[in-house]
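**Student:**
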Amino acid sequence: SKHLTITNEHVEVSFSPDTGLLKMIRNLDKGISLNVAQNFFWYNASVGNSESSQVSGAYIFRPDSNKPFPVSSSLETYTVQNDLVQEVYQNFSSWCSQVVRLYKGQRFVELEWTVGPIPIEDNWGKEIISRFDTPLKTSGIFYTDSNGREILQRRRDYRPTWKLEQTEPVAGNYYPVNSRIFIKDNNVQLTVLTDRSQGGSSITDGSLELMVHRRLLHDDARGVGEPLFEPGDNNKGLIVRGKHILYLDTPESSADFHRPQAQQEFIAPQIILSATGSKPYREK
Amino acid sequence: KASSFVFREAMGVAQHHDAVTGTEKQHVADDYAKRLTVGWLQCQVLVSNALSSLSGSKQNFVFCNKLNISVCPLTESASTFSVQVYNPLPRRITWNIRLPVNGTAYNVLGPNDKSVPNQVVPVSNFTKMVRENKGYATSELLFQATIPAVGFSTYTVTKEAAGKMIHQRRSKWVQQYNQQMEK
Numbered sequence: 001s002k003h004l005t006i007t008n009e010h011v012e013v014s015f016s017p018d019t020g021l022l023k024m025i026r027n028l029d030k031g032i033s034l035n036v037a038q039n040f041f042w043y044n045a046s047v048g049n050s051e052s053s054q055v056s057g058a059y060i061f062r063p064d065s066n067k068p069f070p071v072s073s074s075l076e077t078y079t080v081q082n083d084l085v086q087e088v089y090q091n092f093s094s095w096c097s098q099v100v101r102l103y104k105g106q107r108f109v110e111l112e113w114t115v116g117p118i119p120i121e122d123n124w125g126k127e128i129i130s131r132f133d134t135p136l137k138t139s140g141i142f143y144t145d146s147n148g149r150e151i152l153q154r155r156r157d158y159r160p161t162w163k164l165e166q167t168e169p170v171a172g173n174y175y176p177v178n179s180r181i182f183i184k185d186n187n188v189q190l191t192v193l194t195d196r197s198q199g200g201s202s203i204t205d206g207s208l209e210l211m212v213h214r215r216l217l218h219d220d221a222r223g224v225g226e227p228l229f230e231p232g233d234n235n236k237g238l239i240v241r242g243k244h245i246l247y248l249d250t251p252e253s254s255a256d257f258h259r260p261q262a263q264q265e266f267i268a269p270q271i272i273l274s275a276t277g278s279k280p281y282r283e284k
Numbered sequence: 285k286a287s288s289f290v291f292r293e294a295m296g297v298a299q300h301h302d303a304v305t306g307t308e309k310q311h312v313a314d315d316y317a318k319r320l321t322v323g324w325l326q327c328q329v330l331v332s333n334a335l336s337s338l339s340g341s342k343q344n345f346v347f348c349n350k351l352n353i354s355v356c357p358l359t360e361s362a363s364t365f366s367v368q369v370y371n372p373l374p375r376r377i378t379w380n381i382r383l384p385v386n387g388t389a390y391n392v393l394g395p396n397d398k399s400v401p402n403q404v405v406p407v408s409n410f411t412k413m414v415r416e417n418k419g420y421a422t423s424e425l426l427f428q429a430t431i432p433a434v435g436f437s438t439y440t441v442t443k444e445a446a447g448k449m450i451h452q453r454r455s456k457w458v459q460q461y462n463q464q465m466e467k
């Protein structure tokens, strides 16, 4: 129940003492703070309904409800803190965990998530998202990148070149995120960099979500001819581990950070090792 | 001998919209993965040759592809090893290195033979669960590497002997005890 905070020279991250979930981020250099509640949720994949027989599949994302289920509402946490790194380990469930990490000198928060194998014993296909909820007044506007180059403004339930009649309140607002997504108001911008292409959206004002994993039981009849079952080893389903980089700053200064940092994530250094007087890995 | 053509070809095949978005049949996904793996193995030989040429010494370079789940047979078992970090970016960067190890204390020497601050942290249960029986590291060695633009830095890691550690801890304890006594 103790108030948990991790901090370095540039950033402070607080967690809810009741739930263990991320609660607030503070940019210490600029004196900016933002309440950010982050959690993992899953959309129940549609198997078709009275409006449309379209099921959720490899091509088509179609949840059966606009409201996703939380993977967990409270979690087990523990922390590792030393001179080089401050970490909070969050265990959401047997198939979902995350490390919130602050390295020495780093201006951003690293979220390393591990999701899977997605359980399907209940016969429900699941599409897992990481969602960040903030009090930012975004008026339905959010931003995603186009292949790491142009940042495009997205507006909820709107298309710039035709009058949209929205029939899918969630899927109809999902956009490709190749390297970054952000929301902002006049004073604060919350940017999330991804380490791979994902789907993302802002379904309600101040909220931002990224789909990190999905496992489905039905073919969506768009050509692939099989469900996105992801058998993995022993038909258990795949485990996915990735990173989200979370950065809080003013709208004017954020690009100075996210442009070079995204480049660093995508053209990352390569580690090559060599032995000097090593022993065999296993005796036999 | 190796050629980057194999990897280039695999990357070419993987530009198909099904490969980009993951909408391919499972057996096609398996084939994409196989092509990329074969290509990457060829590129490892190329990178090893380049590093040997640049460093002036032929070594058996090792690429640990499962560092994200704390698996690397070399760093888990060796008491001393070298870490080459290549930076493809056109600017100097600082990069956090995490390597799976089984020791409790290490000396890390940087490119200028200066000691680099490092920490040993336990491997999390999450990671142990994910990697199953692929690796046996109990800890991760953590240090910050500084790498020049479009170049590489070499770090030498040596496991501290248990006896030396006990000696250091005892010395520290004696020092603290003496300070207390002085007070």
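Line order of the protein sequences matches chains A and B.
Residues in the first sequence are numbered consecutively from 1, following the numbering used here.
Residues in the second sequence are numbered consecutively from 285, following the numbering used here.
The beta carbon of each residue, even a glycine, is placed where N, CA and C say it ideally should be.
Could you please give the first and the last residue of the uninterrupted alpha helix (DSSP H) stretch that includes residue 357 of chain B?
**Tutor:** It spans 357-361 - the alpha helix (DSSP H) in which residue 357 of chain B sits, taken as one unbroken run.
**Student:** In whole angstroms, what is the alpha-carbon distance linking residue 381 of chain B and residue 185 of chain A?
**Tutor:** Near 36 Å, if we compare the C-alpha coordinates of residue 185 of chain A and residue 381 of chain B.
**Student:** Using a threshold of 7 Å, state whether the C-beta atoms of residue 145 of chain A and residue 179 of chain A are closer than that.
**Tutor:** Yes, the pair counts as a contact, with Cβ atoms nearer than the cut-off.
**Student:** Name, please, each residue of chain B whose Cβ falls closer than 7 Å to the Cβ of residue 114 of chain A.
**Tutor:** Within chain B, the residues near residue 114 of chain A are 410, 414.
**Student:** Do we get a CB-CB distance below 7 Å when we pair residue 82 of chain A with the residues of chain B?
**Tutor:** Cβ-Cβ to chain B under 7 Å: yes for residue 82 of chain A.
**Student:** Three or more C-beta pairs closer than 8 Å, one from the region 286-298 of chain B and one from the region 223-236 of chain A: is that the case here?
**Tutor:** In short, these stretches do not touch, since the Cβ pair count stays below three.
**Student:** Within the region 112-188 of chain A, note down every full beta strand (DSSP E) run reaching 3 residues or more, in order along the chain.
**Tutor:** Within the region 112-188 of chain A, the complete beta strand (DSSP E) runs of at least 3 residues are 126-133, 141-146, 150-155, 175-177, 180-184.
**Student:** What's the C-alpha gap between residue 273 of chain A and residue 158 of chain A?
**Tutor:** Using only the alpha carbons, I get a separation of about 51 Å.
**Student:** Ends of the beta strand (DSSP E) at residue 96 of chain A?
**Tutor:** Its beta strand (DSSP E) spans residues 96-103.
**Student:** Residue 396 of chain B and residue 241 of chain A - do their beta-carbons sit closer together than 7 Å?
**Tutor:** Cβ distance not < 7 Å, so residue 241 of chain A and residue 396 of chain B don't count as in contact.
**Student:** Please compile the residues from chain B whose C-beta is within a distance smaller than 7 Å of the C-beta of residue 267 of chain A.
**Tutor:** Neighbours of residue 267 of chain A on chain B, chain order: 372, 373.
**Student:** State the beta-bridge partners of residue 403 of chain B as determined by DSSP.
**Tutor:** Looking at the DSSP assignment, residue 403 of chain B forms a beta bridge with B/426.
**Student:** Could you spell out the range, first to last residue, of the alpha helix (DSSP H) harbouring residue 263 of chain A?
**Tutor:** Residue 263 of chain A -> alpha helix (DSSP H) spans 251-266.
**Student:** What residue range is occupied by the uninterrupted alpha helix (DSSP H) comprising residue 371 of chain B?
**Tutor:** Residue 371 of chain B -> not in any alpha helix (DSSP H); beta strand (DSSP E) instead, spanning 364-371.
**Student:** For residue 164 of chain A, count neighbouring Cβ atoms within 10 angstroms of its own Cβ and tell me buried if that reaches 16, exposed if not.
**Tutor:** Label assigned to residue 164 of chain A: exposed.
**Student:** Quick check: the region 127-141 of chain A against the region 200-210 of chain A, are at least 3 beta-carbon pairs closer than 8 Å?
**Tutor:** A contact exists between the region 200-210 of chain A and the region 127-141 of chain A.
**Student:** What residues of chain A sit near residue 303 of chain B, judged by a beta carbon separation below 7 Å?
**Tutor:** The contacting residues do not exist; residue 303 of chain B stays about 12 Å from chain A at best.
**Student:** Let me make sure I understand the geometry here. Which of B/295, B/310, B/329, B/368 has the alpha-carbon closest to that of residue 319 of chain B?
**Tutor:** The shortest C-alpha separation from residue 319 of chain B is found at B/295.
**Student:** From residue 38 of chain A to residue 63 of chain A, what does the alpha carbon distance come to, in whole angstroms?
**Tutor:** Those two C-alpha atoms are separated by around 20 Å.
**Student:** So is residue 170 of chain A buried or exposed if we call it buried at 16+ other beta carbons inside 10 Å?
**Tutor:** Classification of residue 170 of chain A: buried, given that the 10 Å Cβ count is 16 or more.
**Student:** Could you have a look at residue 44 of chain A and say whether DSSP puts it in helix, strand or coil?
**Tutor:** The answer is strand: DSSP assigns residue 44 of chain A an E or B state.
**Student:** Could you give the distance in angstroms between the alpha-carbon of residue 440 of chain B and the alpha-carbon of residue 364 of chain B?
**Tutor:** Their Cα atoms are separated by approximately 7 Å.
**Student:** Compare the C-beta of residue 165 of chain A against all C-beta atoms of chain B and say whether one is closer than 7 Å.
**Tutor:** Answer no: the Cβ-Cβ gap between residue 165 of chain A and chain B never drops below 7 Å.
**Student:** Taking 7 Å as the threshold (C-beta atoms), are residue 90 of chain A and residue 75 of chain A in contact?
**Tutor:** Going by C-beta atoms, residue 75 of chain A is nearer than 7 Å to residue 90 of chain A.
**Student:** Using DSSP bridges, identify the partner residues of residue 209 of chain A.
**Tutor:** Per DSSP, A/131, A/201.
**Student:** The alpha helix (DSSP H) spanning residue 55 of chain A covers which residue range?
**Tutor:** First-last for residue 55 of chain A: undefined, no H or E at that position.
**Student:** Counting only C-beta atoms, is residue 364 of chain B closer than 7 Å to chain A at any point?
**Tutor:** So yes, residue 364 of chain B belongs to the interface.
**Student:** Would you say residue 345 of chain B lies against chain A (beta-carbon separation less than 7 Å)?
**Tutor:** Chain A, which has a Cβ nearer than 7 Å to the Cβ of residue 345 of chain B, makes this yes.
**Student:** Is the Cβ-Cβ distance between residue 383 of chain B and residue 403 of chain B less than 7 Å?
**Tutor:** Not a contact, by the Cβ cut-off of 7 Å.
**Student:** Where does the unbroken alpha helix (DSSP H) through residue 82 of chain A begin, and where does it stop?
**Tutor:** Taken as a continuous stretch (DSSP letters only), residue 82 of chain A belongs to no alpha helix (DSSP H), as it is neither H nor E.
**Student:** From residue 261 of chain A to residue 160 of chain A, what distance separates their C-alpha atoms?
**Tutor:** Each residue's Cα considered, the two are about 30 Å apart.
**Student:** Comparing alpha-carbon positions, which option in B/374, B/428, B/356 lies nearest residue 418 of chain B?
**Tutor:** Residue B/356 is the option with its Cα nearest to residue 418 of chain B.
**Student:** Excluding the 5 residues preceding and the 5 following residue 9 of chain A in the sequence, name in chain order all residues of the same chain whose CB lies nearer than 8 Å to its CB.
**Tutor:** 28, 104, 105, listed in sequence order.
**Student:** For residue 61 of chain A, count neighbouring Cβ atoms within 10 angstroms of its own Cβ and tell me buried if that reaches 16, exposed if not.
**Tutor:** That one is buried.
**Student:** So is residue 352 of chain B in contact with chain A if we call contact Cβ pairs under 7 Å?
**Tutor:** It does; some Cβ of chain A falls within 7 Å.
**Student:** Between the C-alpha atoms of residue 114 of chain A and residue 73 of chain A, what's the straight-line distance to the nearest angstrom?
**Tutor:** Using only the alpha carbons, I get a separation of about 17 Å.
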